[in-house]
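> Before I ask anything, let me first share the structure, which is written out below as structure tokens.
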Amino acid sequence: MSDRNTVHARIASADGSKRASRTMGKALHRVFSSSWIIYVVLIMLAAIYIMPFIIQIATSFKTDADAAANPVSLIPAVWTTAAYQRLFLNSDFPLWFKNSVIVTVFVTTGRVFFDSMAGYALSRLHFRGRDTIFALLVAVMSVPMVVLLIPKFLIIKSLGIYDSYFGMILPLLIDASGVFIMRNFFESIPQSVEEQAKIDRAGTFRIFWSIVLPMARPALITITILSFQGSWNELSHFIVATQSPSLTTLTKGVASLASGQLSAGTQYPIKLAAAAIMTVPVAVLFFIFQKRIMNTNEGSVKE
Amino acid sequence: MMFSSANPGSKKRGHSSDTSIKINHTREQISAWMFCAPMLIILGVFLVIPIVMALWVSFSDWSGRGSPFSSGVHFIGLGNYDSVLVTPGLSQSDFGTAIRNNAWYTLLVVPLQTLLSLLLAVMLNRRILKAKGFFRTAFYFPSVTSSVAITVLWLFLFGSTGSINAVLSWFGINGPNWFNDPRGLLQILFSHLGVSQGPALLTQHGLLGISWWDWLSGPSVAMFAIMLMVIFTTSGTFMLMFIAALQSIGEGTEEAAIMDGTNAWQRLWHVTVPQLKPTIFTVVTLGIIGTWQVFDQIYTGTRGGPSKTTLTPAYLSYSAAFDNQEWGQGAAISFILFVIIVVMTWIQRQIMKDRKMSRRKIAYYEALKSETRGLSNVSASQLRGKGNPDVANREGKNHE
Chain U
-11 MSDRNTVHAR
-1 IASADGSKRA
9 SRTMGKALHR
19 VFSSSWIIYV
29 VLIMLAAIYI
39 MPFIIQIATS
49 FKTDADAAAN
59 PVSLIPAVWT
69 TAAYQRLFLN
79 SDFPLWFKNS
89 VIVTVFVTTG
99 RVFFDSMAGY
109 ALSRLHFRGR
119 DTIFALLVAV
129 MSVPMVVLLI
139 PKFLIIKSLG
149 IYDSYFGMIL
159 PLLIDASGVF
169 IMRNFFESIP
179 QSVEEQAKID
189 RAGTFRIFWS
199 IVLPMARPAL
209 ITITILSFQG
219 SWNELSHFIV
229 ATQSPSLTTL
239 TKGVASLASG
249 QLSAGTQYPI
259 KLAAAAIMTV
269 PVAVLFFIFQ
279 KRIMNTNEGS
289 VKE
Chain F
271 MMFSSANPGS
281 KKRGHSSDTS
291 IKINHTREQI
301 SAWMFCAPML
311 IILGVFLVIP
321 IVMALWVSFS
331 DWSGRGSPFS
341 SGVHFIGLGN
351 YDSVLVTPGL
361 SQSDFGTAIR
371 NNAWYTLLVV
381 PLQTLLSLLL
391 AVMLNRRILK
401 AKGFFRTAFY
411 FPSVTSSVAI
421 TVLWLFLFGS
431 TGSINAVLSW
441 FGINGPNWFN
451 DPRGLLQILF
461 SHLGVSQGPA
471 LLTQHGLLGI
481 SWWDWLSGPS
491 VAMFAIMLMV
501 IFTTSGTFML
511 MFIAALQSIG
521 EGTEEAAIMD
531 GTNAWQRLWH
541 VTVPQLKPTI
551 FTVVTLGIIG
561 TWQVFDQIYT
571 GTRGGPSKTT
581 LTPAYLSYSA
591 AFDNQEWGQG
601 AAISFILFVI
611 IVVMTWIQRQ
621 IMKDRKMSRR
631 KIAYYEALKS
641 ETRGLSNVSA
651 SQLRGKGNPD
661 VANREGKNHE
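Top line first, the protein sequences correspond to chains U and F.
Per the working numbering, the first sequence starts with residue -11, numbered consecutively.
Per the working numbering, the second sequence starts with residue 271, numbered consecutively.
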């Protein structure tokens, strides 16, 4: 009997499908508008995610004693820029900053150039061994970077570039995933754009540089951001590639601050100020290119 | 997951370059290799050759002085692997401790960060949600900042006089001295239940120089603080991946499910999550690979302490080589770690694979199918008998 009832019900619902679609709009509305709970949850979570950074900024303007006594308050009892003064006038911090800037500029420029060149060859040029190279590239991408610390040190040492800018910059110049991104972007550009230039007998580099590369702006911006972020935040490579204090980068320097290099005691305002300044360049980049960064995944499908 | 390489022009391309512009063919070959040269040289020199070198070092007694290929360096076979894995001693128990710590870390971080990022993505994917951009920014920002900066911040927040303990004290809770507390979380739980010593069966026997009781102690309080930090910094990245996947799914199936009278929870688990399976696979794989590589946070924050409870294989490999000059052991640990990561990813791939249906299940589904077929025939004939012309017509059409 029950099966007969369901058949009836199904027919009834089919007959009433117009009515159902009308009420569906209402049902949808009810479901979504009753979701103020979602807002409460989201706002609470957002507060948890943002608070650490606000506390960080606030604490960097406190005195040591105040930071220890009132770790939650967002308004310093006494405003002081002592931490920042100490960092900039009386420590190696400016040197670390300079080193980070040098390395990041060279690595980012190099990566964007070499990654796009390799990506172009792998997608647009026909040559024997292309598929093999591509397969190797994918294999390389899956090697965990942390297990390479000792190997990297060994080769840098035996090439005689240990403890130099060369040793810091050269190994970071190619990023396999950047090549991958560029290759996929070039695949999506129609072949016809290069044909006229080929008939005019323009050289491969000429076609690449003045025709295809300008079209690749979105992908170039993406890998520029990724390279900047990656090399600015890099730590382990600089630990194994350098030794002398004059080549210390921000990541390495701030890490040594964390273990109490500047002085005894906690000195939280100084440490937090250093960490905050270190975050500024990536934060600026993030807020300028926010849309692009946030859509990295979505855009990649469309592009 | 990333770009679709399918390109409508790809077939035409091969054709055109083969016929109409054949003149440039050799030149294209040469320039192609020149375009790839920087990549091949750098990846070859700084990735492939070093791995071969390190493999040799892991089988040698190189002490860090001179070249690892000089005549004073000897091949000692599996000696380094042996002292890390088999022979009882400090090297073995350190390695066991590191594996223990990292196993707990992976076991807890991967599910938590996957769930949290999925939850954030589902909440942010609602069409009518206001201030989407603000929320996305808030959740994603920690992923952009460097792990060193976040670790410094965390050392302050979770310090003994830090913000977390201050907030806890509002609720009358006396927070631990997070980064100096080596007690395992499960140990604490057991001691609350009145069990402070494990049974002899667990304390007397063990693996890798660590007793079973110690394996079961759970992550230490210090490690727990690091776990929270990593979840905080990675959930934003994975959230973006889930949001991208959700947007490519669309809302058609969800609307259909709403029609069927499901509630929000049922829709999430039975409609949305199954469609997200490929993305969940990616996120879990990346999570496993990432959690077994944790290094920056340990180096900046705890350096393996307190009582080695935040020691991880990646950091142990580094400190064995660079601090203790045990280069062979350090290299051996990094190759073992490599194998662990490969194996974990493989296991995870096997689990996530669509399993073949067992024979019994197939038989069950077949039976169900024939039963429904029979039922619908019966009810159709009954309906026809009742003289419902509409249904009769429809049935007739179907049979034709």
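The beta-carbon is built from N, C-alpha and C at its ideal position, and this holds for glycine as well.
Remember, predicted model here, so these are calculated numbers, not experimental data.
Whose CA, out of F:D451, F:Y569, F:I603, F:L399, lies closest to the CA of P489 (chain F)?
Here residue 489 (chain F) refers to the residue found at position 219 of the second sequence. Nearest C-alpha to P489 (chain F): F:D451.
> Using a 10 Å radius around the Cβ and a threshold of 16 neighbouring Cβ atoms, would you call T97 (chain U) buried or exposed?
Counting from one through the first sequence, the residue named residue 97 (chain U) turns up at place 109. That one is exposed.
> Compute the Euclidean distance between the alpha carbons of L516 (chain F) and I31 (chain U), then round it to the nearest angstrom.
Taking the second sequence and counting its residues from 1, one reaches residue 516 (chain F) at position 246. Taking the first sequence and counting its residues from 1, one reaches residue 31 (chain U) at position 43. Computed Cα separation, rounded: 21 Å.
> If you measure from the beta carbon of T532 (chain F) to each beta carbon in chain U, is any gap under 7 Å?
On the second sequence, position 262 is the one that residue 532 (chain F) refers to. Closer than 7 Å: no.
> Starting from the N-terminal side, write out each stretch of the alpha helix (DSSP H) that is 4 residues or longer and does not extend beyond the segment 198 to 237 of chain U.
Entirely contained in the segment 198 to 237 of chain U, the alpha helix (DSSP H) runs reaching 4 residues are, in chain order, 205 to 221, 224 to 229.
> For the alpha helix (DSSP H) holding I611 (chain F), just list the boundary residues, first then last.
Working through the second sequence from its first residue, we reach residue 611 (chain F) at position 341. Looking at the DSSP string, the run of the alpha helix (DSSP H) that includes I611 (chain F) is 597 to 622.
> Taking three-plus beta-carbon pairs below 8 Å as touching, is the segment 405 to 420 of chain F in contact with the segment 211 to 230 of chain U?
Taking 8 Å as the limit for Cβ pairs, the verdict is that the segment 211 to 230 of chain U does touch the segment 405 to 420 of chain F.
> Taking C-beta to C-beta, are V554 (chain F) and Q618 (chain F) nearer than 7 Å?
The count along the second sequence starts at 1 and reaches residue 554 (chain F) at position 284. The count along the second sequence starts at 1 and reaches residue 618 (chain F) at position 348. Contact flag set, yes.
> Look at M614 (chain F) and I558 (chain F) and say whether their C-beta atoms are less than 7 Å apart.
Within the second sequence, residue 614 (chain F) is the residue found at index 344, counting from 1. Within the second sequence, residue 558 (chain F) is the residue found at index 288, counting from 1. Contact: yes.
> If distances are taken between C-alpha atoms only, which option among F:G575, F:S433, F:W440 comes closest to D54 (chain U)?
Within the first sequence, residue 54 (chain U) is the residue found at index 66, counting from 1. Selected option, being the one with the closest Cα: F:S433.
> Between S587 (chain F) and L137 (chain U), which are expected to be in contact by the criterion C-beta below 8 Å, what is the C-beta distance as a whole number of angstroms?
Residue 587 (chain F) sits at position 317 when you count from the first residue of the second sequence. Residue 137 (chain U) sits at position 149 when you count from the first residue of the first sequence. That pair is a contact at about 7 Å.
> Over what stretch of residues does the alpha helix (DSSP H) that includes D451 (chain F) continue unbroken?
Start at 1 with the first residue of the second sequence, and residue 451 (chain F) comes out as number 181. No alpha helix (DSSP H) contains D451 (chain F), which DSSP labels as neither H nor E.
> Against chain F, does M32 (chain U) count as a neighbour if the rule is that its beta carbon must be under 7 Å from one of theirs?
Stepping through the first sequence from its first residue, residue 32 (chain U) is reached at position 44. With 7 Å as the cut-off, M32 (chain U) does not count as an interface residue toward chain F.
> Could you please tell me which residues of the segment 320 to 335 of chain F, in chain order, have their CB closer than 8 Å to any CB of chain U?
Residues P320, I321, M323, A324, V327.
> Can you confirm whether I568 (chain F), when its beta carbon is compared against all beta carbons of chain U, has any partner nearer than 7 Å?
Position 298 of the second sequence, counted from the start, is the residue given in the question as residue 568 (chain F). For I568 (chain F), the answer is no, since every Cβ of chain U falls outside 7 Å of its Cβ.
> Taking all protein chains shown into account, decide if T407 (chain F) is buried (16 or more other Cβ within 10 angstroms of its Cβ) or exposed.
Within the second sequence, numbered from 1, the residue matching residue 407 (chain F) stands at position 137. Classification for T407 (chain F): buried.
> Given that a residue counts as buried once 16 or more other Cβ atoms are within 10 Å of its Cβ, and exposed if not, what is S251 (chain U)?
Working through the first sequence from its first residue, we reach residue 251 (chain U) at position 263. Residue placement at S251 (chain U) is flagged as unreliable, the pLDDT there being 48, under the threshold of 50; the coordinate-derived value follows with that caveat. Its Cβ having fewer than 16 others within 10 Å, S251 (chain U) is exposed.
> Output the distance between the C-alpha atoms of T507 (chain F) and Y410 (chain F), rounded to the nearest integer angstrom.
For this step, residue 507 (chain F) is matched to residue 237 along the second sequence. For this step, residue 410 (chain F) is matched to residue 140 along the second sequence. Cα to Cα, the separation comes out at about 6 Å.
> I think V167 (chain U) touches M309 (chain F), with their Cβ atoms under 8 Å apart; what is that distance to the nearest whole Å?
Taking the first residue of the first sequence as position 1, residue 167 (chain U) is located at position 179. Taking the first residue of the second sequence as position 1, residue 309 (chain F) is located at position 39. About 6 Å separates the two Cβ atoms, so the contact holds.
> Enumerate, from N- to C-terminal direction, the unbroken alpha helix (DSSP H) stretches of 4 or more residues contained entirely within the segment 401 to 439 of chain F.
If we require 4 residues or more, the alpha helix (DSSP H) runs fully inside the segment 401 to 439 of chain F come out as 402 to 414, 417 to 427.
> Can you tell me which of F:P381, F:F449, F:Q474, F:R537 puts its alpha carbon nearest to the alpha carbon of A246 (chain U)?
Position 258 of the first sequence, counting from 1, holds the residue named residue 246 (chain U). If we check each option's Cα against that of A246 (chain U), F:F449 comes out closest.
> Using 7 Å as the limit for Cβ to Cβ distance, is L137 (chain U) near chain F?
To locate residue 137 (chain U), count along the first sequence from 1; it is residue 149. L137 (chain U) counts as touching chain F.
> Between the segment 90 to 108 of chain U and chain F, which residues of the former have CB atoms less than 7 Å from a CB of the latter, in chain order?
Here the close residues are F102, M105, A106, Y108.
> With 9 Å as the C-beta to C-beta threshold (strictly closer), list the residues of the segment 569 to 581 of chain F near chain U in chain order.
Hits within the stretch, in order: Y569, T570, G571, R573.
> Could you check whether the segment 96 to 113 of chain U touches the segment 304 to 324 of chain F, counting it as contact only if at least three pairs of C-beta atoms, one from each stretch, sit closer than 8 Å?
Contact between the segment 96 to 113 of chain U and the segment 304 to 324 of chain F is present, because at least three Cβ pairs lie under 8 Å.
> With 16 other CB atoms within 10 Å as the buried threshold, where does A65 (chain U) fall?
By one-based count along the first sequence, residue 65 (chain U) stands at place 77. With fewer than 16 other Cβ atoms within 10 Å, it is exposed.
> So, under 8 Å CB-CB, A185 (chain U) and I195 (chain U) are touching, yes? Tell me the CB distance rounded to an integer number of Å.
Residue numbering aside, residue 185 (chain U) sits at position 197 when the first sequence is read from its first letter. Residue numbering aside, residue 195 (chain U) sits at position 207 when the first sequence is read from its first letter. The pair is a contact, with the Cβ atoms about 5 Å apart (cut-off 8 Å).
> Taking C-beta pairs closer than 7 Å, name the residues in chain U that A408 (chain F) reaches, listed in chain order.
In the second sequence, residue 408 (chain F) corresponds to position 138, counting from 1. Ordered by position in chain U, the residues that pass the 7 Å Cβ test against A408 (chain F) are A34, Y37, I38.
> If we require 4 or more residues per run, which alpha helix (DSSP H) segments fall completely within the segment 123 to 147 of chain U?
Entirely contained in the segment 123 to 147 of chain U, the alpha helix (DSSP H) runs reaching 4 residues are, in chain order, 137 to 146.
> Have a look at S88 (chain U) and E521 (chain F) and give me their C-alpha separation to the nearest angstrom.
Against the first sequence, residue 88 (chain U) aligns to sequence position 100. Against the second sequence, residue 521 (chain F) aligns to sequence position 251. Cα-Cα distance, rounded: 46 Å.
> Suppose the cutoff is 6 Å on Cβ atoms and the five residues either side in sequence are ignored; what does the same chain contact list for G366 (chain F) look like?
If you number the second sequence from 1, residue 366 (chain F) lands on position 96. Correct list, in chain order: L478, G479, I480.
> How should A470 (chain F) be labelled, buried or exposed, when 16 other C-beta atoms within 10 angstroms of its C-beta is the threshold for buried?
One-based indexing of the second sequence puts residue 470 (chain F) at position 200. Answer is exposed; the Cβ neighbour count stays below 16.
> Please tell me whether R280 (chain U) has its Cβ less than 7 Å away from any Cβ of chain F.
On the first sequence, residue 280 (chain U) is found 292 positions in, with the first residue counted as 1. No - not a single Cβ of chain F is within 7 Å of the one on R280 (chain U).
> DSSP on I528 (chain F), reduced to helix/strand/coil?
In the second sequence, residue 528 (chain F) corresponds to position 258, counting from 1. Reduced to three states, the DSSP call for I528 (chain F) is helix.
> What span of residues does the alpha helix (DSSP H) with S176 (chain U) cover, start to end?
Here residue 176 (chain U) corresponds to residue number 188 of the first sequence, with the count starting at 1. Looking at the DSSP string, S176 (chain U) is not in any alpha helix (DSSP H), and its letter there is neither H nor E.
> Excluding five sequence neighbours on each side, which residues of the same chain lie with their C-beta closer than 7 Å to the C-beta of K259 (chain U)?
Residue 259 (chain U) sits at position 271 when you count from the first residue of the first sequence. So the qualifying residues of the chain are L245, A246.
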